[in-house]
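Here's the structure we're looking at; comments come further down.
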Amino acid sequence: MRKMTKALMGMSSALVLSTAIPGMAKADELTLCWAAWDPANALVELSKDFTAATGTTMKFEFVPWPNFADRILNELNSGGKLCDLLIGDSQWIGGSAENGYYVKLNDFFDKEGIKMSDFAEAAVNAYSTWPKGTPNYWALPAMGDANGWFYRKDWFAKPELQAEFKEKYGRDLGPPRSWDELKQVAEFFTGREIDGQKVYGAAIFTERASEGITMGATSALYPYGFKYEQTGGKYDMDGAVNSADAVAGLEAYKALYKCCQPPGYTDSYMGEGLDAFKSGQVAMAMNWFAFFPGLHKDEKVGGDKIGFFVNPKQKVAASTLGGQGMSVVANTDNMDGALAYIKWFAQPDVQKKWWALGGYAVHNAVLNDPSFKASQPFAADFLVAMNQVQDFWQEPSYAILLQAMQKRLHDYVVADQGTAQEALDSLVNDWKEIFEDEGKL
Amino acid sequence: MTDAPSTIAERSADVLARATPTNVAVRVRGLSDRAIAWLFITPTIALLLAINIFPLIWAVYLSFTNFRANRPNAEVDGVGLRNYQRVLNDPDIWIAMQTTAHFVFWTILLQTVIGFALAYLIDRKFRGHAFWTTVILIPMMLSPAVVGNFWRFLYQPQIGLFNYIVSFFTGIPPSSFEMLGSVSLAPWAIIIVDTWMWTPYVMLICLAGLRSIPDYIYEAAEVDRASAWRQFWSITVPMALPFIMLAVLFRGIENFKMFDMVMLLTGGGPGSTTEVASITLKREAFESWLTGRSSAFAIILFVAVFGLANIYVKALNKVKQR
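Same order as they appear, the protein sequences are chains L and U.
4 is the number of the first residue of the first sequence in this note's numbering; add one for each residue after it.
4 is the number of the first residue of the second sequence in this note's numbering; add one for each residue after it.
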């Protein structure tokens, strides 16, 4: 009987352990969390070298973009142990630093000789530092990105369209250099029949739920002179967020949406924009540089048929920042392994391979390489864009700030409610209330 | 000598007791009937307390604090009634409540009218009525996620079947209107889908009501030479009314908390045109992470639905007693 009891206890213990083990990280295993998109596949490929060098098995948790923030922030908030490493959005850095979700990397960088001066300054400021611009590093710049544009080069090259455009606007039909030109080109194509299909001018971001319309509209707002504050760090938003320039920028974005967006694109973001372009519905589309390698390889619309251009300027040259830094999750059970991956990833040779595979490295060894600009048809534009990026608030309360902007912009641009001035005035009031709650105003 | 069992329940208990194997009876010897009853229902009560009652009490507590789930290390302070005050004074929340009310009113009206009409037709027991009943029931058997995605395609202005059908009958170009992207049409797009999906449910309940009316009442009315119209208004409607009211109650509660369909079809847009209360609540709780304020909002919604449902149930009971 005693033997039987022992046997039963042994089996029970084995059962309990076997169910518990999948939840525990093994010492020679790392889980990296990121969004599910093209560069993530490149990172899987790149990480095989890390596994070969260290014997560490890499696991990946890639979450589709619409759920990325919800899923990962829930994971961090609940103290989960899913991710050892996280490539998180730049806006998360403030909250994650202040809530202790990320490991501060200064000491580690000093010990391992990893210098932030080896990376593009704009990328370091955006992806690594909190408070913004200070030498407090919470991430290694992993994936540079900005909102850019691509267009149907083959359509633009059609002689009859070239002639018609020149007659109408007095210049060659080419990639627009300003937002005024962008609208003209978009209007020129809208409603036209090309290759037997009715086409439209431009696919732009209008998504309501997460961040889409904010990322799209800021691509117009920044070049027109929109600022978050009159004085950096003072939260004096009146006259900056709702300035005459900002109003003009928002009106320009709405005008582009009204004139030239394909029907049904009232809630569209990355995927919908890519679909519109790949299906031959639009002459131009905005999207993140991260997608450009895949687009260039596309059999139907890539190669010679596609061209790229940096976000057009208006009063100033500016692009909306994308991209992410790689952080070590403070809750990890494999801190040494996670730090080893960061150290490996920061090496110039690894960064070069990262770019070659389709990841946007921002290491100076890659960007300053004389062959970089010619390495891809969009490489030169990427350099330009990264030198003019502007980012959304990176405050701990960024999620509420973003939701307020999503609502005000969508109400004005898509739902036709009120004026641009009213939308931005309301946004200032929303943001003031949020900062008052935070004790910053 | 014991008294003979008198009621049906007592007799049943007696039969069950006799059927209980002796060894079980021996094992539980020493425990009173009440103790055994508690033994059986304790797990259920514990489960209910853990997953229903505790979260409710916790939400009430959180609603009086400034707690934010994304800042677990921050100090949690009591804020009194401030969260409730801010929710009730927030114009956006009142707009969301109006949108919800509009949505609930029209879906219930359409589903009740169409559902009752279908039930009335099906009740005629025409040839093939069983087949058509099954066909009508199909939409409510589908998952809301499937229905939402399916209708998104149907409403697509360039390739959607819905736009082409409207175009076929009206001559309006199919891509000239956007059911999901237009401020004026988007609420109706959701109402159409919800009505399509849930009218069969209302029909089923109404059908049960119609079938519960004894034939002899109609036969008596025939003898009294009552017209079909008179029979409908004096017999069918009053006798089916409790069932209709029950269907309205079920659909009202469901639609008040409607989330999945609206999220899938419009995400609350364009702008905030179709942002019903549950979507606002989700945004406050899980996107803005205002846990305290969203708890207050949830409690307000709970009290509103609970209160309205209670008033309605009282009215329903009065109708049943007539």
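Quick reminder that beta carbons are idealized off the backbone N, C-alpha and C, glycines included.
Between the alpha carbons of residue i and residue j, how many angstroms are there, rounded?
i         : j         : result
Pro176(U) : Ser146(U) : 31 Å
Ser281(U) : Glu287(U) : 10 Å
Leu34(U)  : Val279(U) : 53 Å
Ile321(U) : Ala229(U) : It should be pointed out that residue 321(U) corresponds to Lys in this sequence rather than to Ile. Distance between the alpha carbons of Lys321(U) and Ala229(U) is about 27 Å.
Tyr221(U) : Trp232(U) : 12 Å
Leu342(L) : Asp121(L) : 18 Å
Asp263(U) : Thr269(U) : 10 Å
Tyr256(L) : Asn55(U)  : 47 Å
Gln354(L) : Ala368(L) : 8 Å
Phe57(U)  : Ala359(L) : 54 Å
Lys186(L) : Ala258(L) : 8 Å
Pro138(L) : Gln391(L) : 21 Å
Gln200(L) : Ile309(L) : 18 Å
Val244(L) : Met182(U) : 33 Å
Met389(L) : Leu85(L)  : 32 Å
Lys118(L) : Phe112(L) : 7 Å
Glu196(L) : Ala250(U) : 52 Å
Met240(L) : Glu439(L) : 13 Å
Asn73(U)  : Phe172(U) : 52 Å
Ser330(L) : Tyr158(U) : 42 Å
Leu252(U) : Val240(U) : 17 Å
Ala312(U) : Phe259(U) : 11 Å
Thr294(U) : Phe70(U)  : 6 Å
Return yes when the Cβ of residue j is within less than 8 Å of the Cβ of residue i, no when it is not.
i         : j         : result
Val387(L) : Val319(L) : no
Thr283(U) : Ile96(U)  : yes
Tyr260(L) : Thr209(L) : yes
Ala402(L) : Asp433(L) : no
Ser93(L)  : Ala129(L) : yes
Val106(L) : Ala364(L) : no
Glu398(L) : Gly97(L)  : yes
Phe65(L)  : Ala100(L) : no
Phe106(U) : Ile194(U) : yes
Gly184(U) : Thr269(L) : yes
Val285(L) : Ala205(L) : yes
Met100(U) : Pro142(U) : no
Met146(L) : Ile90(L)  : yes
Gln420(L) : Asp428(L) : no
Indicate whether at least one CB of chain U lies closer than 8 Å to the CB of residue i.
i         : result
Ala293(L) : no
Arg74(L)  : no
Pro266(L) : yes
Gly228(L) : no
Val47(L)  : no
Gly194(L) : no
Asp414(L) : yes
Ile207(L) : no
Ile403(L) : yes
Ala189(L) : no
Asn80(L)  : yes
Lys410(L) : yes
Glu441(L) : no
Could you tell me how far apart the beta carbons of residue i and residue j are, in whole angstroms, since I believe they sit closer than 8 Å?
i         : j         : result
Val90(U)  : Phe305(U) : Actually they are not in contact, since the Cβ atoms of Val90(U) and Phe305(U) sit about 13 Å apart, beyond 8 Å.
Pro69(L)  : Ser213(L) : 6 Å
Arg325(U) : Ile111(U) : Arg325(U) to Ile111(U), Cβ: 22 Å. No contact.
Ala293(L) : Pro226(L) : That pair is no contact at about 21 Å.
Gly362(L) : Leu49(L)  : 7 Å
Asn76(U)  : Gly442(L) : Contact flag wrong, Cβ pair sits at about 16 Å.
Ile303(U) : Tyr123(U) : Contact doesn't hold; Cβ gap of about 39 Å is too wide.
Check the Cβ-Cβ distances between residue i and every residue of chain L, and say whether any is below 8 Å.
i         : result
Ser291(U) : yes
Val186(U) : yes
Thr276(U) : yes
Pro160(U) : yes
Pro94(U)  : no
Ser66(U)  : no
Ser178(U) : yes
Pro273(U) : yes
So with Cβ pairs under 8 Å, would you call residue i a contact of chain B?
i         : result
Lys107(L) : Looking at the structure shown, chain B is missing, and the protein chains on hand are L and U.
Report the start-end ranges of each alpha helix (DSSP H) in the region 158–233 of chain U that is 4 residues or longer and not cut off at the edges. 164–173, 189–214, 218–226
Scan the region 126–161 of chain U and note each continuous alpha helix (DSSP H) run of 4 residues or more that stays entirely inside, going in chain order. 132–144, 147–157
Alpha helix (DSSP H) runs wholly inside the region 329–379 of chain L, at least 4 long, in chain order: 338–348, 351–360, 367–370, 375–378
Continuous beta strand (DSSP E) assignments of at least 3 residues falling wholly in the region 157–206 of chain L: Within the region 157–206 of chain L, the complete beta strand (DSSP E) runs of at least 3 residues are 203–206.
Please give me, in chain order, every unbroken run of the alpha helix (DSSP H) with length at least 4 that falls completely inside the region 43–87 of chain U. 57–65
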